[in-house]
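Count along the sequence shown starting at 1, add 26, and that's the number in the numbering used here.
Input: a single structure, listed below in structure tokens.
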Amino acid sequence: MTSPADVAGAAEVAGAADVFGRARAADVADAAGTDDVACATDATNVVDTAGVADMADAAGVAGAAGAPVAEFATGLQTTRVHRTPEGRYTWWHGPGPLRPDPLAAPLAAYVPRHTPGARLAVPRPRAAGLAHLADGAHSAAAWLRDPRPQARTLVAHALAAAGRALRTLHTTPAPVAAATPPALARLRAYLTADPAAKPGGAAVHRLREDVVRAWGPARLERLRSWCHGLAEPCRDAVLVHGFASLGALVPPARPAPVALLTGEDLGAARPELDLGWLLGDLAELAWSAPAPAGSADLSGALLDGYGPDADRAWAARAAVVRIAAHQRDFAAYCGWSDELPAYTAFIADLIDEEGRRAVPGAPS
């Protein structure tokens, strides 16, 4: 089970390891030093998404052709990345074999057109899927497989940019049509399923038996309550990205905005859901592949970019929810892995500590 990425991103990370030496994105980080990486990302400080999206996206999406530079799939989603004639990249997401319906992004029109930091790259429909335009061919999840310190610095800048953009997104009240984001809804259904049922196939049923036995009723109820609190907050819900993950965050291969691929998972929830999704990815990565001492503080970069108003206790709980959702979705869309029981034990520890290790400064 590949840890740093979302379900789609997990396959990407696995397939991208041999690409880095030849990647176009290495133009940013190759023999350059950390300062060069920082310069390449300085363009993300303020982005006019209206100008970028309206004038360039349609042409870029239409212009992508030829063999993909990257391609990966799970039962949930297929992703293909194509280079456009202008040197940008189209990220096409389509349904996987276990997802018969075409992808859609009905709430994309509510996404703010002007964001500081990252560009919220909303898609255009294409061939039963959705096509996003970005300035990089590799996600932050894939970049974190690169051992060079410059790559981690690049991701830190991308996370700070994502934090600023998410803060702006979260000023949008949830539209009446907005529902619980799909990944959170899947986890809630899984946690409340009849124990005799077999939700999601044999691997999910086997996993659920394992977590029920290992976590016990108290931990399960705590996780259910966090899902409920994220999906049905006491205060007004806001428009959330719904799957703000390392696999959806695309650093640029040239001086250009960071892209956060946004659309099909938009929904209504507490704003900390989006922070927790990224923080959960980072906590999972730190557990499975600890970074060398002195590496860039990725969680701190995200939270600093977002600003001081985030409820860090809820962000920590959301990080645990994200890792549990990743485990469930991996079983559902990739099948059983002998690494899944280790995740069960890891998540049990996170539930006990309310996710505090995922969030710098979370209350004890």
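Note that the Cβ used here is the ideal one computed from N, Cα and C, for glycine as well.
- Membership of Phe372 in the alpha helix (DSSP H) is indicated by the continuous run Leu366 to Asp378.
- Only buried fits His119, as 16 or more other CB atoms lie within 10 angstroms of its CB.
- Looking at the DSSP output, Pro281 bridges to nothing.
- Beta-bridge partners of Leu287 (DSSP): Ala147.
- With distances taken between CA atoms, Glu290 lies nearest to Leu102 out of Ala93, Leu102 and Glu97.
- DSSP places Thr110 outside both helix and strand once states are collapsed to three, so it counts as coil.
- Taking 9 Å as the cut-off, the beta carbon of Ala341 is found no closer than this to the beta carbon of Gly293.
- Val137 sits away from Trp252, with the two beta carbons spaced by 9 Å or more.
- Between the C-alpha atoms of Ala205 and Arg239 there is a straight-line separation of about 31 Å.
- The beta-carbon separation of Arg343 and Glu380, rounded to 6 Å, stays under the 8 Å limit for a contact.
- The criterion of a C-beta distance shorter than 9 Å is satisfied by Gly189 and Gly333.
- For Tyr216, the enclosing alpha helix (DSSP H) starts and ends at Pro208 to Leu217.
- Contact check for Ala177 against Trp117 fails: the beta carbons are separated by 9 Å or more.
- Just measuring C-alpha positions, the residue of His267, Ala274 and Thr288 sitting nearest Asp300 is His267.
- In this chain, the alpha helix (DSSP H) harbouring His231 covers Ala228 to Ala257.
- Leaving aside the five residues that flank Ala209 on each side, the residues in its chain whose CB is nearer than 6 Å to its CB run, in chain order, Phe269 and Ala351.
- Counted as a single uninterrupted DSSP element, the stretch harbouring Pro297 is not any beta strand (DSSP E), since DSSP gives it neither H nor E.
- Rounded to whole angstroms, the gap between the alpha carbons of Thr370 and Thr110 is 42 Å.
- CA-to-CA, the gap between Ala322 and Thr179 works out to about 6 Å.
- Sequence-distant partners of Ala327 (beyond 5 residues in either direction) whose C-beta falls short of 6 Å from its own C-beta, in its chain, are Ala182, Leu185 and Ala186.
- For Leu180, there is no enclosing beta strand (DSSP E); the enclosing alpha helix (DSSP H) has its first and last residue at Pro175 to Leu195.
- In this structure, Leu233 sits away from Arg150, with a CB-CB distance that is not shorter than 9 Å.
- Under the three-state reduction of DSSP output, Arg343 falls in the helix class.
- For Gly326, the uninterrupted alpha helix (DSSP H) run begins and ends at Leu324 to Tyr332, by DSSP.
- Taking a C-beta distance under 9 Å as the contact criterion, Pro128 and Ala168 do not qualify as a contact pair.
- Pairing Leu286 with Ala191 gives a Cβ-Cβ distance under 9 Å.
- Secondary structure at Gly120: strand, using DSSP grouped into helix, strand and coil.
- A residue is called buried when at least 16 other Cβ atoms come within 10 angstroms of its Cβ; Thr105 meets this threshold and is buried.
- The Cβ-Cβ distance between Asp236 and Arg296 does not fall below 9 Å.
- Between Pro283 and Gly162 the beta-carbon gap is near 10 Å, outside 8 Å, which marks them as no contact.
- For Ala96, the three-state secondary structure derived from DSSP is strand.
- Non-local C-beta neighbours of Pro123 in its own chain, meaning closer than 7 Å and more than five positions away in sequence, comprise Gly101, ordered along the chain.
- According to the DSSP assignment, Ala160 belongs to the beta strand (DSSP E) that extends over Gly155 to Ala160.
- Its Cα nearest to that of Gly387, the residue Asp335 stands out among Ile349, Asp335, Asp375 and Ala358.
- Ranked by Cα distance from Ser325, the first of Ala384, Phe356 and Cys360 is Ala384.
- Exposure of Gly320 is indicated by the presence of fewer than 16 other C-beta atoms within 10 angstroms of its C-beta.
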